[in-house]
Structures are given as structure tokens and as C-alpha cells.
Amino acid sequence: MAIFSLALACLALLAFLYKTLYRQQPKQNLPPGPKPWPIIGNLNLVGPIPHQSLHFLSQKYGEIMQLKFGTLPVVVAPSPEMAKQFLRVHDTTFASRPALSAGKYTSYNYSDLTWAPYGLYWRQTRKIYSMEIFNARKIESFEHIRVEEGRNFLSRLRSLSGKPVVLRDHLSRFSISSISRMVFGNKYFTEFEDEKAIMKVPELRQMLDEWLFLGGVFNFGDWTPWLSSLDLQGYVKRMKALAKKLDRFYNFVLDDHLTRKAARADFIPEDVLDSLLQLAEDSNLETKLTREHVKALAQISSTFIPRAHLPSHIRAATTWIVDELSTITTPLWNTDICAFSPQSQSSGRETDKVSGNESRDGLRHWATKTKRSFLGLGTTSVLDAELGVLVPVPVLFVEGKRGKGGSRGRGRPGGRGG
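Quick note on numbering: the sequence shown equals residues -22 to -1, 1 to 396 in mature numbering (1 follows the signal peptide of the UniProt record, and there is no 0).
This is the structure in C-alpha cells:
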């Protein structure tokens, strides 16, 4: 009886303190949203396809709403106008990404452009990509790689004419080969035994699929920090295992480049990694690039389709993993639609007639010139028509500073936006 009375008194005291402290906080005009549950917040409303769940919720609560993911407040801006407020009008306030486990374990402790917090290093990295790595001259110098790998891709498909084809496997091989040669100057993987290859294509593809999955999971520990050490879903364990595989691959590639660089007195950068290694020796950089920084920047920067209404800080090109994955997924979805949609086929043929041989785009030029066809459409038609069917766009988590970035008279608690 005494224990029960003591527990009841403690609960009453906690309730009194909570109510007192809560009343002392200034009231804010916060966005509407569903009432959160203890501990899990509104995570019970987020299904296996998060962007669809958020869309359904926005139909009920409007163009801006507040949720709680675990114990952390999240503001969701699903409409184009509200997204503009976060990503353009108040872009500096919301420039950082939240410190999730994926960025810590698979991006060398938030060292790439995607996960790095907004600040000196982030601005320097963005400048490196826009002015040194992905300038027009550098991209143009890689055209022969894109053309050569594209021809190999179409040749393989043509040789399999009349046979069932797993398109994902061929797109994956084409994309991985092209990007690896542009970023690393070599493939470093093979389907056969090779002294320069550290792994085979299926192993690399499996590693990239794991990276994509772990980069998008809802890790419960990220949103309830006091439970993060338990790793209830096992995702952190998988991230650590993947990080070891990635690091083994990048160390092999980096050592090979450093050996080749040391052997040549008149060394000239030929690929993205060469350029990063040269920049790492630049004493004028405000933040010196370490070996870990070089590996992170070579691995991934950001992957968003450039659009006029998006802020410049997310209109970055991509390097390795995410570029490879988006290059596979988008054509797979769109090719399937184009193949079974008479309207898309008609549009594709019309595009092919108009474009002719006058386009200066490398892939379109040689594809049209060689008169190759794919699924009954000119190769040019598929490339043009597919982006008109499904345009790849981001679902972006950003993090803002406490008490700033109000939109349309709405206050915002310190937390995250989506």
C-alpha cells in the first residue's frame, strides 16, 4: 500500500511539473496535424511507402502539417508552394540534413555533400563539385566513355533479339561501367577473373542495392535517440557491415590511383578521383581534404533532377552509387510504360522524326545515326519519351534551426522538415 501511494505521488508530481513547464512556454501558431502517441509519435501513420502516406495525410491536414517521428517534431510541406518556402525562400535555414545513422555509417561520418551539415566544409564541397569536378569541360571530356558504353549496351541487347531479357541486369551493367570509368578511370570489377578487379558485378550490384535500401529506411533509433543504442531493427548493424565493404572497395581504388600518380612526374587528372586527389594537396583550401573526405566525395554527392524552382544547393550532379541506382530505376519504370502504352509509342516515333541527326547530345547522336531500335521504337524515342512519363524527383528530409523559418504566419518548433 505504501509503495502504491508513493508511486501515485510521484506521478502527480511529474504531471504538475510537466503542466507548469508547458504553460510557461510561449504559444506558437503551429501547423495542424494528427495527435501523436507517446514514444512512437506519428510513426504508426507512415506506411512502407512514406511519400504516399504523407500525401494521404496532407489531403486531410492541408499543404503544411506537423507530425512527430518518435520524439522529434517534423514539419511536412507536400505542396509545391510550401516546398518553395523551405527550399528557396528559407533555403539557408533548412540547408542541413538531419544526422541520421545512414549518413554516419555509410558516408564516412557525414563527409559527403548529401549529409554534411551546412557550413564551411559544405560550401567548399559544393564549390569543388560545381567548379572543378562537374564543369562543362569535364563533362564533355567523358563523352567518349558514354558513347562507347552505350554502344556496348545496345549491341548486347541486339545480340539477344528474340530472347527473354532481364533489362535491369543490362541497365545495371551499362550504368555501373559508365560511371565507374568516369569517376575512377577504370571498372575495377568484372564478370571474370581480372587482376584489376576487386569484385564481380553481382557482388557490387548487391552492395549498391543494400546501400539504397539502408539509405531510405526509417530507423527507429534516429527518431527516438534514447533507444538508438539498442538497434531494435538491426539496421545499424547492417550499415556497419556495408561500410566495411564500401571502405574495402574505395581503399583498393584509392591505393591504385596513388600508385599510378606517384609513378608519373607529369601527372594529369583523367577522372573524378584524380581531380579530388589533386585538390587534397591544395594548401589554399579552407578545409583540408583527408583520405576519408576523398572517399566520401567520390562515393556520392547528391542526386536530384535540376529544376528551376529548386534552390541551387540541391541542384548538384552525382558521382557513384546514387547516380547508378537512379539511372537504372527510372528507365525500368518508363520503358515498361512506353512499351505498353500506344500513346507513348506514338509520341516517341514523332520525337524521333523531329530530332533526326541534328541533336548534339552524344548518346542521341550516335543512337540515331546507327539506326538502332529498342522495343520497336528508336532509341532516341525511348530516351525522350520516358522522362515525359515519370520524372524522378526527391523526397527530401532537411533540418532547420530552432524557431526560424516560419511560413505564412505559421510558427515552427525546432526540428525537421520534409
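Note that CB positions come from ideal geometry on N, CA and C, so glycine has one too.
Since this is a predicted model, take the numbers as computed values, not measurements.
Bridge partner(s) assigned by DSSP for residue i
| i | result |
| --- | --- |
| residue 44 | 53 |
| residue 178 | 168 |
| residue 19 | 15 and 47 |
Residue i versus residue j: straight-line alpha-carbon distance, rounded
| i | j | result |
| --- | --- | --- |
| residue 248 | residue 36 | 48 Å |
| residue 168 | residue 155 | 10 Å |
| residue 139 | residue 238 | 41 Å |
| residue 130 | residue 146 | 15 Å |
| residue 137 | residue 128 | 14 Å |
| residue 11 | residue 46 | 9 Å |
| residue 113 | residue 176 | 30 Å |
| residue 57 | residue 38 | 13 Å |
| residue 94 | residue -17 | 48 Å |
| residue 142 | residue 153 | 20 Å |
| residue 16 | residue 48 | 8 Å |
| residue 135 | residue 84 | 34 Å |
| residue 272 | residue 20 | 38 Å |
| residue 342 | residue 7 | Low per-residue confidence applies at residue 342: pLDDT is 46, beneath 50, and the placement is therefore not dependable enough to give any value. |
| residue 228 | residue 14 | 43 Å |
| residue 246 | residue 116 | 13 Å |
| residue 226 | residue 182 | 12 Å |
| residue 261 | residue 98 | 16 Å |
| residue 222 | residue 196 | 22 Å |
| residue 22 | residue 144 | 37 Å |
| residue 125 | residue 166 | 20 Å |
| residue 34 | residue 18 | 19 Å |
| residue 203 | residue 96 | 22 Å |
| residue 75 | residue 61 | 15 Å |
| residue 188 | residue 81 | 14 Å |
| residue 241 | residue 255 | 15 Å |
| residue 133 | residue 224 | 31 Å |
| residue 157 | residue 263 | 27 Å |
| residue 218 | residue 208 | 15 Å |
| residue 65 | residue 151 | 35 Å |
| residue 402 | residue 59 | Since the first residue of the chain shown is -22 and the last is 396, residue 402 is not available in this structure. |
Cβ-Cβ separation, residue j to residue i (assumed contact under 8 Å), whole Å
| i | j | result |
| --- | --- | --- |
| residue 185 | residue 220 | 7 Å |
| residue 198 | residue 210 | 6 Å |
| residue 86 | residue 274 | 4 Å |
CB of residue i within 8 Å of CB of residue j, strictly
| i | j | result |
| --- | --- | --- |
| residue 77 | residue 88 | yes |
| residue 110 | residue 253 | yes |
| residue 161 | residue 276 | yes |
| residue 213 | residue 79 | yes |
| residue 53 | residue 9 | yes |
| residue 192 | residue 159 | no |
| residue 63 | residue 55 | yes |
| residue 201 | residue 91 | no |
| residue 194 | residue 251 | no |
Across the segment 264 to 271 and the segment 93 to 104, are there enough close Cβ pairs to call them in contact, namely three or more that are closer than 8 Å? yes
Give a yes or no on contact between the segment 11 to 28 and the segment 61 to 69, applying the rule of three or more CB pairs nearer than 8 Å. no
Say whether the segment 105 to 125 touches the segment 221 to 240, bearing in mind that this needs 3 or more beta-carbon pairs closer than 8 Å, one atom from each stretch. no
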